[in-house]
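S.K.: So that we are looking at the same thing, I have put the structure below in structure tokens.
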Amino acid sequence: MEVFIEKENNVTIARFVGRLDTPASQEVSKSVEPILEDPSGTIVLDCKDMEYISSSGLRIFLTIRKAAASKGGNVIVKDINNDIRQVFMMTGFLNLFEIQ
Amino acid sequence: MDKAEEKKKVFRVFLVLVAAVILEMTSFIQFRALYNTARRAAQKKAEHILITSRYAILDVVEQAEQAIRDNMWIAQWCLQYPDSLASVSARIVENNKAVSGSTVALVPGYSRKFPLWAPYAYLSGDKLAYTSLATDAYNYPQQPWFTKALEKGEGYWSEPYLDEGGGNIMMTTYSKAVKDRNGKDAAVITADISLGWLWEHVGKIDSYNNAFSILVSRNGLLMVAPSDSLSMKTYLGDLAVKMEDKEHFRELEEGMISGKAGEVTIKVKHDTFHVYYSPISRTEWSMAVVVPEKEIFGDVWQMGLMAVILQVVGLLMLFFILRAMAKSWVDYQKARDSEEHMESELQIGRDIQMSMIPKDFSFPECPDLDISATIAPAKQVGGDLYDFYMRDGKLFFCIGDVSGKGVPASLVMAVTRSLFRNISALEDSPKLIVEGINRGMFDMAENEMFVTFFCGVLHMESGKLHYCNAGHNPPLVFTDHVEMLPVLPNIPLGIEPGVVFEEQTIRLHYDDAIYLYTDGVSEAENMDHDQYGMARMQAVLHERRSAQEHLNAVMSSVRSFVGEAPQSDDITMLFIHYLNHKQRTDVMEKHLILHNDIQQIPQLAGFVETIAEEKNIPQAMIMSLNLALEEAVTNVILYAYPEGTDGLVDLEAILRDDCIEFILSDGGKPFDPTATPDADITLGVEEREIGGLGIYLVRQIMDSVAYKRENNRNILSMTKNI
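First to last, the protein sequences are chains A and B.
Under the numbering used here, residues 1 to 100 are what the first sequence spells out, in order.
Under the numbering used here, residues 1001 to 1722 are what the second sequence spells out, in order.
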């Protein structure tokens, strides 16, 4: 699992590549710390190349979402595949994020 | 009447004739024996009569002779005094009851004083009287009793004569010469005896009704005869002249007069007489017993007649019995012919019925099936049915039991079977087939019969069995155990039109089987009216065998249970053994052992992948299974084992044909993930808890999740249907 974070003006784009399973989440939670430090503006979680997500991955997503909410930020989840969409649906995450 | 009938009649008559000849021959021999016996009996009887009569006569004769002997010496002594001779006569009469008169008559010229001297003493009434026989009129020296006595020199019995002076009593005189000291004939001494008593002794024969005796003197004079008009007047020779059967009568006359004994049969008019004769010594009389043949052989003839009548009656009866037997034999044959006819009709019925029922149990186009069926009707044609056939990869089958037996039941059975074939050709659903048959039965003429019916449609590819039971015995289904197929309580066919039947479905797997039967099996009764029952049936079916062997085993078990008892109901069975290899339930197990390290989690993806390959699982499910397993395993890693300790997590996957069971176990501290409350997914961002999603996802993805603690291990089993 790799995370590529790009920040341009007010928009932070985090691109997830690979499987966001539990061990990966441990790394990813460190990788996304810069985002959590400044959660204002728009945060785009690009999931185009994310194959899989576990509850620990979801937890990262939720942490980002909560942080953004506290600073008036906006989180957009982009290009999730059908399997992940299914997980989002099961967990009620579809209602918590703006999905593009 | 045909020739055979004519022949039988002739044979019958011949049979009776043979019987008659045999009977008559035996009867004739018997009759001859009886005749001879009767003849000998008559001879004996006659001899007896003759002997007793002779002794009676001789007794009297002896008395007279004795009286003379006793007084002879006195008479000799008195010769010198002729005038005392009267006292000798008187003494003889007085002392001898049989003697009614006596004289001692001097030989003329023996005494000079009394040239003719014959003083006669006799009983006149009770008193003794005297007279003299030396009269010119009588001229005693010329009388036979006088001359013959002298002539013979010994006693002489005179011819019987009627005592004209003494009341016409038949008399006879015994006379004997008296010699003087010089041996010269001096006088004749006599004793008269009355023969009146002879009637008493001789005339009547008690032992016969119509027999009689005759007594004949030495000259053939009838002394005693059946008719008074003949006695003492007629000679046997005179009678012979008048007789038709002269020859035999002469023989009798000669025999009697010559003093012989013998037997003569004489015909007089229409009657035949058997005459037995025998001489009476001393007096030179002869006596005969005359017995009518009727008397001798009356009984014999009567018995013979009876026998003949009985024989005729018997023969007639024999004839009628034979005729009746012949008739009843003809009736029997007719009845038997019609019975045979009926039986052959029933046999044809059975053949037609059996031809409706499939007997070829092989399906070359479908090797995944071992099917067998049997039907044993209680009567020639039965009301049970079964049927099966293959169409479009589906096995259509049914079993049914028509209420009642015999021809009516078989007709309903035939109708039901053809309805099944016609409707199932168009419909795949057993519910619609059963409803269609039920409707069809009401289109027929009204009848009181109903049919319990089970209809099944087995999809050979998938093993799915759709079935509809209309009041029939629940079939048995064989999986890894034997149980009754669950059936809804639908009513039998033919009771109510337009009834809605419910359909059910189960899934058969490789090597599963279904066994259908009618109550003729379970309710087969033995001599004690005990029923065969389900338990015995299930015990026999317990072993795994081929379909045909199963049915043979049940049938022979039923037959040995029932024993001699007659089969009370049709016995019908159908056994379907599903052998589609694609539907094997062989359990495949996959095993994965992980350490309690989060870094081991990626291995789960590969594990799920291998399972997916085995079970051909769609991509979407692969991911969700992976997710659920990851969440469950993570839970164990994070919570069961304290941080820093090493522990193993054991994941086992049991791959069934329709589900996958995952068993996750560990040796950590007790931890029941199912006890944690579900995350509330409806909450907003701020309220939403960070944790708690893991077990929630497991529950969402898996179809069932269960936790148990066993042998100090946490065991979480999760099942996912596929």
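All C-beta atoms in this analysis are idealised placements derived from N, C-alpha and C, irrespective of residue type, glycine included.
Residues bridged to T42/A by DSSP?
M.R.: Within the first sequence, residue 42/A is the residue found at index 42, counting from 1. Partner(s): V11/A and N74/A.
S.K.: Using the beta-carbon of each residue, which ones in chain A are nearer than 7 Å to L1627/B?
M.R.: Here residue 1627/B refers to the residue found at position 627 when the second sequence is read from its first residue. Result: S54 and V87.
S.K.: Once DSSP output is grouped into helix, strand and coil, what is the label at P1184/B?
M.R.: For the purposes of this step, residue 1184/B is identified with residue 184 of the second sequence, where counting begins at 1. Going by the sequence as given, residue 1184/B is Lys instead of Pro. Three-state result, K1184/B: coil.
S.K.: Name the chain A residues whose beta carbon is nearer than 9 Å to that of E1686/B?
M.R.: In the second sequence, counting from the first residue as 1, residue 1686/B sits at position 686. Neighbours of E1686/B on chain A, chain order: K66, A69 and S70.
S.K.: Just verifying my parser: in three-state terms, what is the DSSP assignment at F1420/B?
M.R.: Taking the second sequence and counting its residues from 1, one reaches residue 1420/B at position 420. Residue state, collapsed to three classes: helix.
S.K.: Applying a beta-carbon distance threshold of less than 8 Å, which residues of chain A neighbour T1634/B?
M.R.: What you label residue 1634/B is simply residue 634 of the second sequence in a count that begins at 1. Simply T22, S54, S55 and S56.
S.K.: Can you pull out the residues from the stretch 1470-1497 of chain B whose beta carbon lies closer than 8 Å to at least one beta carbon of chain A?
M.R.: none
S.K.: Would you kindly work out how many angstroms separate the C-alpha atoms of I1257/B and A1090/B, rounded to a whole number?
M.R.: Numbered from 1 along the second sequence, position 257 holds the residue referred to as residue 1257/B. Numbered from 1 along the second sequence, position 90 holds the residue referred to as residue 1090/B. Going from the Cα of I1257/B to the Cα of A1090/B covers about 35 Å.
S.K.: Of the residues E1024/B, G1393/B, K1405/B and S1213/B, which one's Cα is nearest the Cα of N1580/B?
M.R.: Taking the second sequence and counting its residues from 1, the one referred to as residue 1580/B is at position 580. Checked all of E1024/B, G1393/B, K1405/B and S1213/B; the closest Cα to N1580/B is G1393/B.
S.K.: Buried or exposed for P1642/B, please, with buried defined as at least 16 other CB atoms from any protein chain shown within 10 angstroms of its CB.
M.R.: On the second sequence, position 642 is the one that residue 1642/B refers to. Its Cβ having fewer than 16 others within 10 Å, P1642/B is exposed.
S.K.: Could you have a look at D1392/B and say whether DSSP puts it in helix, strand or coil?
M.R.: Along the second sequence, read from residue 1 onward, the residue named residue 1392/B stands at position 392. D1392/B falls in the coil class under three-state DSSP.
S.K.: Determine the chain B residues that contact K82/A at a beta-carbon separation under 8 Å, and present them in chain order.
M.R.: To locate residue 82/A, count along the first sequence from 1; it is residue 82. Looking at the sequence itself, residue 82/A is Asn, so the reference to Lys does not match. Neighbours of N82/A on chain B, chain order: A1620.
S.K.: Looking at the C-beta of M90/A, does it have a partner C-beta in chain B at a distance below 8 Å?
M.R.: As a working mapping, residue 90/A is identified with position 90 in the first sequence. Yes, contact with chain B.
S.K.: Please state whether DSSP places G1606/B in a helix, a strand or coil.
M.R.: By one-based count along the second sequence, residue 1606/B stands at place 606. Three-state result, G1606/B: helix.
S.K.: Rounded to the nearest angstrom, how far is the Cβ of M1223/B from that of I1193/B, given a contact under 8 Å?
M.R.: Numbered from its first residue, the second sequence carries residue 1223/B at position 223. Numbered from its first residue, the second sequence carries residue 1193/B at position 193. Not quite, the Cβ-Cβ distance comes to about 13 Å (not below 8 Å), so this is no contact.
S.K.: Could you tell me which residues DSSP pairs with M1287/B in its beta bridges?
M.R.: As a first step, residue 1287/B is located in the second sequence; it is residue number 287 there, counting from the start. Answer is L1215/B and S1278/B.
S.K.: Find the residues of chain A that neighbour P1367/B, judging by a C-beta separation of less than 8 Å, and give them in chain order.
M.R.: Here the question's residue 1367/B lines up with position 367 in the second sequence. Ordered by position in chain A, no residue passes the 8 Å Cβ test against P1367/B, which lies about 41 Å from the chain.
S.K.: Under 8 Å: do the stretch 1484-1494 of chain B and the stretch 1353-1370 of chain B share three or more Cβ pairs, one atom per stretch?
M.R.: no
S.K.: Go to D1299/B, then tell me how far its alpha helix (DSSP H) extends in each direction, as first and last residue.
M.R.: Counting from one through the second sequence, the residue named residue 1299/B turns up at place 299. E1293 to M1356 is the extent of the alpha helix (DSSP H) around D1299/B.
S.K.: With a threshold of 8 Å between beta-carbons, can Q26/A be considered close to chain B, or not?
M.R.: Within the first sequence, numbered from 1, the residue matching residue 26/A stands at position 26. For Q26/A, the answer is yes, since a Cβ of chain B falls inside 8 Å of its Cβ.
S.K.: Check whether the stretch 1600-1608 of chain B touches the stretch 1618-1628 of chain B, counting contact only when three or more Cβ pairs, one atom from each stretch, lie closer than 8 Å.
M.R.: Yes: the two stretches touch, three or more of their Cβ pairs being nearer than 8 Å.
S.K.: Identify which residue in L1322/B, L1508/B, Y1120/B and E1661/B has its Cα closest to the Cα of V1099/B.
M.R.: Here residue 1099/B corresponds to residue number 99 of the second sequence, with the count starting at 1. Of the listed residues, the one whose Cα sits closest to V1099/B is Y1120/B.
S.K.: Is the beta carbon of T12/A less than 8 Å from the beta carbon of I43/A?
M.R.: Within the first sequence, numbered from 1, the residue matching residue 12/A stands at position 12. Within the first sequence, numbered from 1, the residue matching residue 43/A stands at position 43. Yes. Within cutoff.
S.K.: With distances taken from CA atoms, which of T1272/B, K1233/B and D1228/B is nearest F1249/B?
M.R.: Taking the second sequence and counting its residues from 1, the one referred to as residue 1249/B is at position 249. The candidate whose alpha carbon is nearest that of F1249/B is T1272/B.
S.K.: Within the 8 Å Cβ cut-off, does T1610/B reach chain A?
M.R.: Taking the first residue of the second sequence as 1, we reach residue 1610/B at position 610. No, its Cβ sits nowhere closer than 8 Å to a Cβ of chain A.
S.K.: Are the stretch 1025-1032 of chain B and the stretch 1301-1308 of chain B touching by the rule of at least three beta carbon pairs closer than 8 Å?
M.R.: yes
S.K.: Taking the straight line between their C-alpha atoms, what separation do you get for M1537/B and T1518/B?
M.R.: For the purposes of this step, residue 1537/B is taken as the residue at position 537 of the second sequence. For the purposes of this step, residue 1518/B is taken as the residue at position 518 of the second sequence. C-alpha separation (whole angstroms): 12 Å.
S.K.: If we count Cβ pairs, one from each stretch, closer than 8 Å, do we get three or more for the stretch 1260-1269 of chain B versus the stretch 1238-1252 of chain B?
M.R.: Contact holds: three or more Cβ-Cβ distances are below 8 Å.
S.K.: Could you tell me which whole beta strand (DSSP E) segments of length 3 or greater appear in the stretch 1022-1058 of chain B?
M.R.: none
S.K.: Does the stretch 1589-1598 of chain B touch the stretch 1644-1655 of chain B, meaning 3 or more C-beta pairs lie closer than 8 Å?
M.R.: yes
S.K.: What ranges does the alpha helix (DSSP H) occupy inside the stretch 1638-1706 of chain B, keeping only unbroken runs of at least 4 residues that lie completely in it?
M.R.: 1693-1701
S.K.: Taking V1107/B as the reference, which of G1125/B, I1092/B and L1133/B has the closest Cα?
M.R.: In the second sequence, residue 1107/B corresponds to position 107, counting from 1. Of the candidates G1125/B, I1092/B and L1133/B, the residue whose Cα lies closest to the Cα of V1107/B is L1133/B.
S.K.: What first and last residue would you give for the beta strand (DSSP E) that runs through P1119/B?
M.R.: Position 119 of the second sequence holds residue 1119/B. That run of the beta strand (DSSP E) goes P1119 to S1124.
S.K.: Mapping DSSP to helix, strand and coil, what is Q1504/B?
M.R.: Indexing the second sequence from 1 puts residue 1504/B at position 504. In the structure shown, Q1504/B sits in a strand (DSSP, three-state: E or B).
S.K.: From the DSSP output, read off the bridge partner residues of H1459/B.
M.R.: Taking the first residue of the second sequence as position 1, residue 1459/B is located at position 459. The partner list for H1459/B (beta bridge, DSSP) reads K1394/B.
S.K.: Does the beta carbon of E1643/B come closer than 8 Å to any beta carbon on chain A?
M.R.: Along the second sequence, one-based indexing puts residue 1643/B at 643. No, because no Cβ of chain A sits closer than 8 Å to the Cβ of E1643/B.
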